[in-house]
Structures are given as structure tokens and as C-alpha cells.
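Using our numbering, the first residue of the sequence shown is number 197, and each one after it goes up by one. We put the beta carbon where it would ideally sit given N, CA and C, even for glycine. The next block holds one structure in the form of C-alpha cells; read it before the comments.
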Amino acid sequence: MNRLALITGATSGIGRAFAERLAADSHDLVIVGRRKERLDEFAEAHPDVDVRVVAADLSTGAGIDAVAEICATEPLTMLVNNAGVAHYMPLADLPADKAAELVNVKVLAPTMLTRAVVAGMRERGAGTIVNMAGMIAFSGPAPHSQMPPRVVYAGTLAYLVAMSQTLNAELAGTGVNVQVVCPGVVATEFHERQGLDLSMVPRMSAEDVVTASLRGLELGETVCAPGVADAGLLEAIFQADLAAFGAQSPELAPRYRVSG
197 MNRLALITGA
207 TSGIGRAFAE
217 RLAADSHDLV
227 IVGRRKERLD
237 EFAEAHPDVD
247 VRVVAADLST
257 GAGIDAVAEI
267 CATEPLTMLV
277 NNAGVAHYMP
287 LADLPADKAA
297 ELVNVKVLAP
307 TMLTRAVVAG
317 MRERGAGTIV
327 NMAGMIAFSG
337 PAPHSQMPPR
347 VVYAGTLAYL
357 VAMSQTLNAE
367 LAGTGVNVQV
377 VCPGVVATEF
387 HERQGLDLSM
397 VPRMSAEDVV
407 TASLRGLELG
417 ETVCAPGVAD
427 AGLLEAIFQA
437 DLAAFGAQSP
447 ELAPRYRVSG
């Protein structure tokens with residue numbers, strides 16, 4: 197049986213690069229995106245593999261349900277949750293529909309697609325789930341002057357990091373691996389569609405992000421940070437998280453006690 201990968205957000209950028217790499221490695225593909233003409237163009241350019249085109253909007257319940265059905269019924273060996281939107285603006289100015297779109301695409305869709313695929317992968321004893329987040333997931337402590345307004349976007353990416361880590365632990369020993377990829381600024385259409393001109397900002401290529409993800413899977417990394425040379429920095433974050441988690445007590449911490 198050929199390996200079968202489903203990739204969301206496959207019309208451009210990192211999703212397209214993932215599709216190119218996996219097709220070159222003889223994966224059959226299910227490619228998902230909003231722009232059907234681009235998906236069809238990709239399929240026509242790759243006649244040597246089986247490419248199924250699915251035009252779906254993952255900001256909608258109908259789109260999520262349609263793709264989740266494929267995840268639940270097809271023998272996927274890899275799921276790449278890559279679809280994304282940004283909408284950088286202060287929370288008070290963020291229209292409700294754009295806030296909902298962000299949460300649907302970056303939280304609800306990856307959750308429901310992963311939920312749909314994981315049972316079959318576990319039963320087959322093999323599978324890989326890749327969630328595309330970003331280094332902004334770790335930017336919460338940064339002062340406002342250092343980061344653009346991105347409250348909801350940062351929160352969705354942080355969710356993907358925590359979900360991937362806890363799910364990978366949950367699936368230990370099953371043959372199913374979960375990875376979250378956290379690139380920095382990448383040279384794709386992503387920011388242009390948000391009206392941001394980052395042409396003068398040093399950016400990683402989408403192809404390098406894919407290379408990091410696939411090599412990170414070989415290395416057994418749950419959190420892949422393509423632009424962070426010192427992996428010890430990430431390990432220090434995770435060890436600090438566990439230290440704080442383990443240091444909790446049912447007793448009120450002294451700093452919160454009212455002095456007499």
C-alpha cells in the first residue's frame with residue numbers, strides 16, 4: 197500500500213512545499229485548500245502520484261466536517277495541519293468574524309482533523325501528525341513594542357504546541373508520532389494576504405521549513421523550531437514548564453497571603 201498524506205493549506209507556501217516534497221518521495225496525496233484552480237494545477241503537474249483534490253474552507257463547519265470525514269475513513273499515513281490565517285490587529289479592533297476564522301482554522305480544524313485520523317493510525321500502528329504553528333507561540337512575555345498586535349493568533353499557535361506535546365505523550369508506544377513545527381518568518385504569500393510587506397525582512401524558505409520538519413521527525417523531535425540553532429533553549433523552556441507544573445501545592449503561595 198502506498199503512503200498517503202493529507203495536507204491542508206496546500207495551495208501555496210509551506211503546504212505546497214510539503215506536497216512537492218512528499219510527491220517526490222512517492223506519497224499519494226490528498227491536498228486541501230480554498231483555491232481549487234491551484235490544487236488542480238498541482239495535480240496535473242504530478243501525474244506520477246495519485247493526487248486527490250479537495251476544495252474546502254476550514255474556517256467553516258462544513259469544510260472541517262468534509263475533511264474530517266476523509267481523515268476518518270482513508271488510511272492516511274501522514275496528516276499535515278498547515279492551513280492558516282493571521283489577522284494581525286489589536287483584539288479590540290479584531291472583527292468577530294475574523295476572530296472566529298482564526299480560531300476555526302488554527303484551533304478547531306486541527307483538533308477535529310487530528311481527532312478523526314488518530315484512531316485509524318493507532319489501529320494500524322503507524323502514522324505521523326504534523327501541526328504547523330510558529331515561534332510566535334513563545335512570544336507571550338514580549339513587550340508590545342517588540343511584537344505586532346497578534347493576541348488571538350499567538351494564542352492559537354500556543355494551543356497547537358501544547359496539544360501536540362500532550363498528544364504525542366498520550367500516543368507513546370502506539371507507532372503514531374506528533375510534531376509541531378514552529379518557524380519564524382517564512383517567505384510565502386501568508387503575510388502578503390494580510391497586507392504586510394516583509395520583503396525587506398530576512399525570511400526562511402518554505403522548502404527549508406519542510407526539510408526541518410522531516411529531519412526533526414527522524415530525530416524524534418516533538419517541537420521542531422527550524423530557525424533555532426541551539427535546541428537547548430527549547431529544552432530549557434520545557435523543563436521550566438515542568439518545574440512550575442511540579443511545584444504546585446494545594447497551599448496558597450506565600451506571596452498571595454495578606455500580612456497582618
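- Kindly list the residues whose CB is nearer than 6 Å to the CB of A252, restricted to its own chain and excluding five residues on each side of it in sequence; keep chain order. V228, G259, A262, V263
- Query: Would the segment 374-384 and the segment 415-423 be scored as touching if the rule is three or more Cβ pairs under 8 Å?
  - Reply: yes
- In the segment 274-302, which residue ranges form an unbroken beta strand (DSSP E) of at least 3 residues, counting only runs that do not cross its ends? 274-277
- In angstroms, rounded to a whole number, what distance separates the CA positions of M308 and V454? 45 Å
- Query: So, A220 versus V276, is the Cβ gap smaller than 8 Å?
  - Reply: no
- Task: Given a cut-off of 8 Å, decide if V281 and L298 are closer than it, judged by their beta-carbon atoms.
- Result: yes
- What first and last residue would you give for the beta strand (DSSP E) that runs through Q444? It is not in any beta strand (DSSP E) - Q444 carries neither H nor E in the DSSP assignment.
- Message: Taking the straight line between their C-alpha atoms, what separation do you get for R217 and D437?
- Response: 34 Å
- Task: Pull up the CB-CB distance for G369 and G321, whole angstroms please, since I reckon it's below 8 Å.
- Result: About 10 Å; that fails the 8 Å criterion.
- Ignore the nearest five residues each way along the sequence and tell me which others in N373's own chain have a CB closer than 6 Å to its CB. Contacts found: T324.
- Message: Whether or not the segment 338-356 and the segment 283-294 are in contact is what I'm after, with contact meaning three or more pairs of Cβ atoms, one per stretch, closer than 8 Å; do they touch?
- Response: yes
- Message: I need the boundaries of the alpha helix (DSSP H) containing N364, first residue and last residue.
- Response: 347-366
- Query: Per DSSP, what kind of secondary structure is A251 in: helix, strand or coil?
  - Reply: strand
- Measure how close the beta-carbons of V406 and F238 come, nearest whole angstrom, since I'm counting them as under 8 Å. Contact flag wrong, Cβ pair sits at about 15 Å.
- Query: Around the Cβ of R231, are there at least 16 other Cβ atoms within 10 angstroms (buried) or fewer (exposed)?
  - Reply: exposed
- Query: Measuring CA to CA, which of R451, Q444, L413, Y355 is closest to S335?
  - Reply: Y355
- For M274 and D236, the rounded distance between their alpha carbons: 21 Å
- Query: Going straight from the alpha carbon of V314 to that of K302, what length do you get?
  - Reply: Rounded to whole angstroms, V314 to K302 spans 18 Å at the Cα level.
- Identify whether A449 lies in helix, strand or coil by the three-state DSSP scheme. coil
- Item | Rounded distance between the beta-carbons of G211 and N278, thought under 8 Å | 4 Å
- Query: What is the C-beta distance between R399 and A383, in whole angstroms, given that I count them as a contact (C-beta under 8 Å)?
  - Reply: Indeed, because the Cβ distance is near 4 Å, the residues count as touching under 8 Å.
- Look at the Cβ atom of I266, then the Cβ atom of V250, and state whether they are nearer than 8 Å. yes
- Task: Would you list the one or two residues that DSSP bridges to N327?
- Result: N277, V376
- Could you pull out every unbroken alpha helix (DSSP H) segment of at least 4 residues lying fully inside the segment 213-248, listed in chain order? 232-241
- Assuming R311 contacts L367 under a Cβ cut-off of 8 Å, what Cβ separation, rounded to an integer in Å, is found between them? No, R311 and L367 are not in contact; Cβ-Cβ is about 13 Å, not under 8 Å.
- Which residues DSSP lists as bridging M400, in chain order: The partner list for M400 (beta bridge, DSSP) reads V382.
- Query: V419 bridges to which residues according to DSSP?
  - Reply: V376
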